[in-house]
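Residue numbers (this note's numbering): 3 to 1195.
Where is the CB? At the ideal position from N, CA and C, for every residue including glycine.
Quick caveat, the model's predicted, so the values are computed rather than measured.
Report on the following structure.
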């Protein structure tokens, strides 16, 4: 009789699938006879188990009409959420008296000995897993046994059983069982997998998979292609046969194999960016129908001219089964319009209506709610029921409820039907567009519910005594990518823009949620912040923690409150876990924020540093008491955050974490945090901030061991960290997420404060000789080595491109600002040799020549402030020598010879420099006059002014030619670029009147050519004309001499006195000299050009410049004129005219103009670049030979 009643019950279950209301209360009441507590009163335990086992067997084998192929095809419709509640109730009653191992063992026995009802078998498995999350390990063992047995005996029955059970478990989501993709990779993806032992096993697996292909869902085929089983190289052809078959099947199903991706990227709006085309078409068609009331012409045309696509892609996407609303929406109306137009086949429409009805009947809301089809209302009721179940501590029912909630959420957040296979990536936009109102409403409901559940459970037990409801709740959220995207965007907005508005209850709940999101990193997609402020993909916990900035007082207070709540929860929650899992509940990013904020905001924490009490996992008499005290402090509304933060700071577990590398806040991270603070909105006043920073630098990080993130007592390392932070400050600021709703203005960072700390450290190193090597000048060496390493890193890590040059310029310009903030004396150290104290200028000279010349603006000229700083350093350091004036003169002579850039800059700025330097020298040397080497610069400027003004020529100062040329060039600037005056001065310096006059004119010509190039590079048309005129006039004076050619040939072997020109300008200007050579030469009159051609070494220089000009053109490195001008040719015109000029000059050259060696060298260089010029050189090499062209006739 009981068997008959069981059959009646199962018949009722099957009938109720189409009409849930028809079952009535009878089946529910009859199921109660399987209540073990009632039956156990009148029957022995053994008899009761036999009866329940018998009833379970009958349930699993009832009407076994479905084949294995049916099970493979229909399996995704048999999840727990879609299963009749009568059937799940029956299975729960029958399973309650057995252990999980007994149930799965019996299930295996039934599968091996009976013909089964696959729907009941798989629904039974889902029920076991949902109500017993710990069943995962038991099922994994069963699957392992089945696969082992299958490959040992090549048994297809065990093979198909294992696959069906694994797929069914995976359908319940990652909170219940790993995804099918992960299971398949784990079982068959490695060299030690079940099938890897022999070719026969491999053939068995591939034959099995091939037999499944006609019945497989597309998603499983894609997984097999994307993550194929391990196959040795020699058997690769066997795998390719299967992949070809699977791809053919996908093509038959109109599934695009090419669209398969490794990542599924989700946008800020929460929808898959890689949305299937058909779904996009449906969305657009429904939207047009809603706005116009008519079927769009595009759809009607597709139904005729693109009928295969319309029938196999568009209509299936449109007719996706769903719970239809009571009142017809736009999609329902659009479907009805297509049906009336005979565009939907009758059978397809009937199937759609039937499937929609089934979905309505399977949804729990039909049982609970008679008057509402709104999934949001359904979700609201389900969440309320979940709150009650969590409070009651009913784990089984709670897991079942989460499964139903997951199903409801999949209706609200459906994502794309054809999601790509593989690891998912979500784009987290820091300033996202508005999300759909429905999604915002649902996410808020979820967050409120989680917070309420946490509060309810926390009133009863601390986190370490609570059930795993929170972990399962979060796992359910992580299974829906679209939902997780909306949730993460909402949390980002709350943390970054609305933190101060959150109540203590909300803050505690959200903190716990973030902790659980952090622990579920293996189930979570990776996140990419947009804009890309993080260098790589990160887990969800780290992505959300980046929303917690510490730039203002309000930000700091919210951040510390949130992190304290999260750490208190995590420390308590981790207590019951194995030691290797305990770190999972302590997000290191939140812990580091507390290491930064608590000492900053609470001075008493600095006086009570973290101690090293007790190791992990140790138990003491006070351990439980400490946890309870910590949690009560966190949840006590009467406590201030300051008291809770201090309590946490002194907790043994918190103190021990700092000894783990991943939880250490290293000095560079502390500096990055400090440089984010807005000084005008800081929680600390200026004196308080100074005191805090000095404590952090000198008392905390300086003595702290290097392996713990400190400097190990080394002032050099402390200084290096400070310098790096200052140099990278702009990089840090670009990585700070900006406030979306921030109304206040930017009030400046703490860069001035960190600069002050650097000045204090450098001063202490200089004065106290605490720089490690204990020798004079070590600070200077250290500083120049530092900037040298920074520049060399830029030069070696980046190609020679515009971006590389800009990066190097930025580095040096930032360094110059830092250097100007340091005492000038540190740039010129004093050394003692043989009892004599002298100035050591080598480092300064090397620094200027190697680095500073690359970023001068204008080219070849240091800024006034930098020049003044270097000279102040020379003066300050010279007073430490026995004979300051003599030592300065010696150092200046060295600079004049080896550092022409500093010499030129000093002469150029002298009229502004002299009062400053004179004042400083008098202070240092009791009113003495400046050293003679500097006084003579005043005479040089007086001399140049007299020449410019046409006054009687005074005697030429006793200096080299370069300073005199700079004075003339400066005078030309000072007199408003009056070319006539400078030419009059030039004429008084005729080259025949002395070698020095000629050198002055050549150097002046070099400076004017620099001006000429600068005006082109930086678009100064008026100055360009003046510079061009000056160059032309100077060239007319110098054209008969070969000296002026030296400046256009940087590779010349012997430049003599003109060697310094290569040490002044940047490499870019040196590369452009050949362009300037022809640009200027082609502007000259014929008479000047003829004189130039007859000049010694002219042709050699002209050919070399032409070769360089061709290379510049091939590299795309040409100069465009500032504006359209009648006086300036286009680059291509210059190249063409230069070639004609050169060919004409070569045809007219004298036999002695170029040596045979020079001709051969130049010919070989031109052979590939310009054969015509090479041929012209070849003719000159052998004048008696015929033309190379004639030789071919």
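Closest residue to residue 221 among 191, 257, 482, 119 (Cα-Cα distance): On the chain shown, residue 221 is found 219 positions in, with the first residue counted as 1. Ranking the options by Cα distance to residue 221, first place goes to 257.
Integer Cβ distance of residue 1045 from residue 1004, believed to fall under 8 Å: Residue 1045 sits at position 1043 when you count from the first residue of the chain shown. Residue 1004 sits at position 1002 when you count from the first residue of the chain shown. Cβ-Cβ separation between residue 1045 and residue 1004: approximately 5 Å, consistent with a contact (criterion under 8 Å).
Sufficient close CB pairs (3 or more, under 8 Å) joining the stretch 1169 to 1184 to the stretch 1138 to 1151: With the cut-off at 8 Å, the stretch 1169 to 1184 and the stretch 1138 to 1151 touch.
Proximity winner among 702, 573, 713, relative to residue 654 (alpha-carbon distances): Along the chain shown, one-based indexing puts residue 654 at 652. When each option's Cα is compared against that of residue 654, the closest is 573.
Neighbour-count burial assignment, residue 236, 16 or more Cβ in a 10 Å radius: Here the question's residue 236 lines up with position 234 in the chain shown. Label assigned to residue 236: exposed.
Three-way DSSP call (helix, strand, coil) for residue 381 in this model: As a working mapping, residue 381 is identified with position 379 in the chain shown. If DSSP states are grouped into helix, strand and coil, residue 381 belongs with the helices.
Residues that DSSP places opposite residue 833 in a beta bridge: Residue mapping note: residue 833 aligns to position 831 of the chain shown, counting from 1. Looking at the DSSP assignment, residue 833 forms a beta bridge with 840.
Three-state secondary structure (DSSP) of residue 72: Looking up residue 72 in the chain shown gives position 70. DSSP, reduced to helix, strand and coil, places residue 72 within a helical segment of the structure shown.
Cβ shell of residue 673 (< 6 Å), same chain only, five flanking positions each side left out: In the chain shown, the residue the question calls residue 673 occupies position 671. Residues of the same chain with a CB within less than 6 Å of the CB of residue 673, apart from the 5 flanking positions on each side, are 727 in chain order.
Beta-carbon proximity check, residue 975 vs residue 1009, cutoff 7 Å: Along the chain shown, read from residue 1 onward, the residue named residue 975 stands at position 973. Along the chain shown, read from residue 1 onward, the residue named residue 1009 stands at position 1007. Inclusion of residue 975 and residue 1009 in the CB contact set at 7 Å is not warranted, their separation being larger than that value.
Test item: CB-CB of residue 878 and residue 827 under 7 Å: Position 876 of the chain shown, counted from the first residue, corresponds to residue 878. Position 825 of the chain shown, counted from the first residue, corresponds to residue 827. Yes, the Cβ-Cβ distance between residue 878 and residue 827 is below 7 Å.
Backbone CA spacing between residue 512 and residue 518 [nearest angstrom]: Residue numbering aside, residue 512 sits at position 510 when the chain shown is read from its first letter. Residue numbering aside, residue 518 sits at position 516 when the chain shown is read from its first letter. About 10 Å.
Closest by C-alpha distance to residue 429, when choosing among 521, 78, 541, 327: For the purposes of this step, residue 429 is taken as residue 427 along the chain shown, with counting starting at 1. Checking every option, the nearest Cα to that of residue 429 belongs to 541.
Contacts around residue 818, its chain only, beta-carbon distance under 7 Å, and the 5 residues preceding and following it disregarded: Taking the chain shown and counting its residues from 1, one reaches residue 818 at position 816. For residue 818, same chain residues with a beta-carbon under 7 Å away, outside a window of 5 residues either side, are 868 in chain order.
7 Å Cβ cutoff met for residue 547 and residue 591: For the purposes of this step, residue 547 is taken as residue 545 along the chain shown, with counting starting at 1. For the purposes of this step, residue 591 is taken as residue 589 along the chain shown, with counting starting at 1. Yes, they are a contact pair.
Nearest-angstrom Cβ-Cβ length linking residue 451 and residue 510, presumed shorter than 8 Å: Numbered from its first residue, the chain shown carries residue 451 at position 449. Numbered from its first residue, the chain shown carries residue 510 at position 508. With a Cβ gap of about 14 Å, residue 451 and residue 510 do not count as contacting.
Cβ-Cβ separation, residue 139 to residue 82 (assumed contact under 8 Å), whole Å: Taking the chain shown and counting its residues from 1, the one referred to as residue 82 is at position 80. Taking the chain shown and counting its residues from 1, the one referred to as residue 139 is at position 137. Between residue 82 and residue 139, the beta carbon gap of about 19 Å keeps them out of contact (Cβ cut-off 8 Å).
Proximity below 7 Å, CB of residue 965 to CB of residue 909: Locating residue 965 in the chain shown gives position 963, where the first residue counts as 1. Locating residue 909 in the chain shown gives position 907, where the first residue counts as 1. Yes, they are a contact pair.
Reference residue 555; option with closest CA among 502, 283, 1076, 241: The residue given as residue 555 occupies position 553 in the chain shown. Shortest Cα-Cα distance from residue 555 to any of 502, 283, 1076, 241 involves 502.
Beta-carbon proximity check, residue 704 vs residue 713, cutoff 7 Å: Within the chain shown, numbered from 1, the residue matching residue 704 stands at position 702. Within the chain shown, numbered from 1, the residue matching residue 713 stands at position 711. Yes, these two residues count as a Cβ contact at 7 Å.
Contact check, residue 96 vs residue 57, beta carbons under 7 Å: Counting from 1 along the chain shown, the entry for residue 96 is found at position 94. Counting from 1 along the chain shown, the entry for residue 57 is found at position 55. Their beta carbons are under 7 Å apart, which means residue 96 touches residue 57 by this criterion.
8 Å contact criterion, which residue 378 and residue 443 should meet: CB distance rounded: Position 376 of the chain shown, counted from the first residue, corresponds to residue 378. Position 441 of the chain shown, counted from the first residue, corresponds to residue 443. Yes, they are in contact, since the Cβ atoms of residue 378 and residue 443 sit about 7 Å apart, within 8 Å.
Bounding residues of the beta strand (DSSP E) (the contiguous stretch that carries residue 529): Residue mapping note: residue 529 aligns to position 527 of the chain shown, counting from 1. Going by DSSP, residue 529 is part of the beta strand (DSSP E) stretching over 528 to 532.
Buried or exposed by the 16-neighbour rule on C-beta atoms within 10 Å, applied to residue 86: Mapped onto the chain shown, residue 86 falls at position 84. Buried.
Spatially closest choice to residue 325 from 376, 942, 398, by CA coordinates: Here residue 325 refers to the residue found at position 323 of the chain shown. Among 376, 942, 398, the Cα nearest to that of residue 325 belongs to 376.
Distance between residue 779 and residue 1197 (C-alpha atoms, nearest Å): Residue 1197 is absent from the structure shown; the chain starts at 3 and stops at 1195.
Euclidean distance between Cα positions of residue 477 and residue 187: By one-based count along the chain shown, residue 477 stands at place 475. By one-based count along the chain shown, residue 187 stands at place 185. Using only the alpha carbons, I get a separation of about 21 Å.
Which listed residue (1011, 232, 218, 102) has its alpha carbon closest to that of residue 254: Taking the chain shown and counting its residues from 1, the one referred to as residue 254 is at position 252. Minimum Cα-Cα distance from residue 254 among the listed residues 1011, 232, 218, 102 corresponds to 218.
Given 8 Å, three or more beta-carbon pairs between the stretch 1089 to 1098 and the stretch 922 to 937: Between the stretch 1089 to 1098 and the stretch 922 to 937 there are fewer than three C-beta pairs closer than 8 Å, too few to call the two in contact.
Proximal residues to residue 944 (C-beta, below 6 Å), its chain only, five neighbours per side dropped: Taking the chain shown and counting its residues from 1, one reaches residue 944 at position 942. No residues qualify anywhere along the chain.
Nonlocal neighbours in the same chain, by C-beta distance under 8 Å from residue 1112, ignoring five residues either side: Here residue 1112 corresponds to residue number 1110 of the chain shown, with the count starting at 1. Excluding residues within five positions, the ones whose Cβ falls inside 8 Å are 1137, 1171, 1172.
Supposed close pair residue 855, residue 903 - CB separation, criterion 8 Å: By one-based count along the chain shown, residue 855 stands at place 853. By one-based count along the chain shown, residue 903 stands at place 901. Right, their Cβ atoms sit about 5 Å apart.
Given residue 598 as reference, the closest of 243, 671, 664 once Cα atoms are compared: The sequence position of residue 598 within the chain shown is 596, counting from 1. Looking at the Cα atoms, 671 is the closest of the given residues.
Reduced DSSP secondary structure (H/G/I, E/B, other) of residue 849: Counting from 1 along the chain shown, the entry for residue 849 is found at position 847. It is helical.
Residue from 595, 569, 596, 600 with nearest C-alpha to residue 585: On the chain shown, position 583 is the one that residue 585 refers to. It is 569 whose Cα lies nearest to the Cα of residue 585.
For residue 881, three-class secondary structure by DSSP: Reading the chain shown from its first residue, position 879 is the one you call residue 881. For residue 881, the secondary structure class from DSSP, reduced to helix, strand or coil, is coil.
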